[in-house]
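Below: the structure, in structure tokens.
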Amino acid sequence: MKDQESGYGMVRREAIKRAALLLGSALASSTIAGSLHAQRAELGKGASWSPTHLSEAQARIVSVASELILPRSDTPGAIDVGVPQFIDLIFGKFMLDDEKQRFEGGLAKLQQARFVSLEESEQLSFLKSPSKTSASFLRQLRELTITGYFTSEEVAKTMLRYDPVPGKYRGCVSVDEVGNVLMSEN
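Residue numbers (our numbering): 13 to 198.
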């Protein structure tokens, strides 16, 4: 049976392939999200952790840098919620080769400068100065740190007041009425 061309010049077989690709990519995103959630749950808080994709030296740099970006205060810090483990997971399973090279290059510059053994003020200087490390690496490190922090279960439940089963929808509600709540039952 010969493939029939549609009015737009697309062969039926090609249309079916594209539809299957579209459906597959839609399903893949939920699979990746589920995988991330399951692996984050496995990590546990503060458990003895050894990196699976980064080297020990790289993991120490990531830990120190992420804690400098989001330090512990009256709220948990980056290390408290497992940001270094999150970055290790993203690095190993989800970064493209060019992203990995850029990230490893930035970590190598920090390792050459003995970043972990510097005073905190000098460490902050490195993280604020694109001339000492690459701007794209710093941006990537900040993005990963912030993403890992705000997608952690502890931050979502305590700081963002996440409610997995939100209440009814009320469209026009003043902020004064609900306060600092992302989702409300009222």
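Glycine included, every Cβ here is placed at the ideal spot set by N, Cα and C.
Proximity to residue i [Cα-Cα], best of the options
i    : options                  : result
V167 : G104, R84 and I73        : R84
V76  : L119, G36, T87 and K144  : L119
A90  : I158, M171, A71 and K180 : I158
M171 : S148, Q135 and G191      : G191
L156 : A32, F98, R72 and L34    : F98
Cβ-based neighbour list, residue i, same chain, cut-off 7 Å, excluding 5 preceding and 5 following
i    : result
S201 : Absent from the structure is residue 201, since the part of the chain shown begins at 13 and ends at 198.
S62  : none
R30  : none
A7   : This structure does not reach residue 7, given that the chain is present from 13 up to 198, and the question cannot be answered.
N- and C-terminal bounds of the alpha helix (DSSP H) containing residue i
i    : result
Y181 : Here Y181 belongs to no alpha helix (DSSP H), and DSSP marks it neither H nor E.
F98  : V95 to K105
K121 : D109 to Q124
T163 : T163 -> no alpha helix (DSSP H), and no H or E assigned at all.
F138 : E132 to K140
D188 : V187 to V190
A77  : E68 to I81
Contacting residues, own chain, Cβ-Cβ under 6 Å from residue i (five flanking each side not counted)
i    : result
R182 : none
H65  : D100, F103 and G104
K57  : Confidence is the limiting factor: at K57 the pLDDT is only 47, short of 50, which leaves the residue's position unreliable, though a coordinate-based value still follows. Correct list: empty, nothing qualifies.
L55  : No answer about L55 holds up, because its pLDDT of 48 lies below 50 and its placement is not dependable.
R72  : V128
Within 9 Å, strictly: CB atoms of residue i and residue j
i    : j    : result
L80  : Y161 : no
P96  : V74  : yes
L153 : S78  : yes
S146 : R114 : yes
K140 : K121 : no
G117 : F149 : yes
Residue-level contact to chain D via CB, residue i, 9 Å cutoff
i    : result
Q123 : The chain labelled as chain D is not found in the depicted structure, where only one protein chain is given.
Cβ-based neighbour list, residue i, same chain, cut-off 8 Å, excluding 5 preceding and 5 following
i    : result
L136 : L80
P7   : The chain is shown from 13 up to 198; residue 7 falls before or after that span and cannot be answered.
Is it true that the stretch 126-142 meets the stretch 103-117, where meeting means three or more beta-carbon pairs spaced less than 8 Å apart?
no
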